[in-house]
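Residue numbers (UniProt numbering): 1 to 233. The block underneath contains the structure these notes are about, expressed in structure tokens.
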Amino acid sequence: MIEKDPLAFLSNVIDHRMAFDEDEPDHDLPDKSVAKEFYARYEPKEILGRGVSSTVRRVKEKSTGREFAAKIIDISCEKSTDHQAEELKSATKKEINILRMCAGHPHIIELHDVFESPTFIFLVFEICKKGELFDYLNQVVTLSEKRTRIVMKQLLDAVEFIHDKNIVHRDLKPENILLDDNMNVKLSDFGFATVVSNDNELFDLCGTPGYLAPEVLKVSMFEDVSGYGKPAD
């Protein structure tokens, strides 16, 4: 698999297939002294999964009792070099900005809250308990034509919305499409997303093998080829 920034959302940074464990020790939780704001508003629950530089937990908002998924990203230099930590921090902030540009769309994952300390960044997302479309498809094996139309319409609505804002997702796949309690599509994982103007082209090779667009592959294989843009999604 092509190396991916560890900022990808639930489908790539975590293995959500891990069993929930209410009694799991909290040694992965940041010390309360470095994240007072976060702990004042949210009560951490079980781990939903782990990634290279992040842990995702179910959390409960104290004021409302609502549940969310909090991605806790370690931006300290304990597990990486100074340069890697700075790159991770920069990439996280880029993803946050893009998610904020997409705020309010019913079929794009909602970034509910952000907290930053010197060593951690907390991204609080709406929680999609039905998981990935990928796993749902494996479960049901086939989708009815009616259900397929609904999924595709919701997904294309989300893609049209981000393209209208000149955002290219660059990693569309069933693993990055989450399902909420009502089985509505939620496009997630904007770790590869970037903003591109109409007259600029992209030349980065990024994404997941098996899902890469031909024009993305071409830029890595040939020198004298045009770059790609929004149509690559």
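We put the beta carbon where it would ideally sit given N, CA and C, even for glycine.
- In this structure, Asp171 places its C-beta atom within 8 angstroms of the C-beta atom of Gly207.
- Under the DSSP definition of a beta bridge, Ile72 partners with Thr55, Phe122.
- Cβ neighbours of Cys128 within its own chain (closer than 7 angstroms, five residues either side excluded): Leu178, Leu179, Asp180, Lys186.
- Sequence-distant partners of Cys102 (beyond 5 residues in either direction) whose C-beta falls short of 8 angstroms from its own C-beta, in its chain, are Ile108, Phe161, Ile162, Lys165, Ile167, Phe190.
- Among the bridge pairs identified by DSSP, Gly49 is matched with Val56.
- Distance between Met152 and Phe122, taken at the CA atoms: about 31 angstroms.
- Exclusion of the five residues before and after Ser117 leaves Val34, Ala35 as the residues of its chain whose Cβ lies within less than 6 angstroms of its Cβ.
- Excluding residues up to 5 positions away in sequence, Lys130 lie with their Cβ nearer than 7 angstroms to the Cβ of Met183 in the same chain.
- Cα atoms of Thr55 and Ile73: separation of roughly 7 angstroms, rounded to the nearest angstrom.
- Here Ile127 carries a coil assignment [DSSP, helix/strand/coil].
- Thr142 and Ile75 have their C-alpha atoms spaced approximately 41 angstroms apart.
- Counting along the chain, His83 sits inside the alpha helix (DSSP H) bounded by residues 82-101.
- As the crow flies, the alpha-carbon of Pro209 is around 16 angstroms from that of Ala193.
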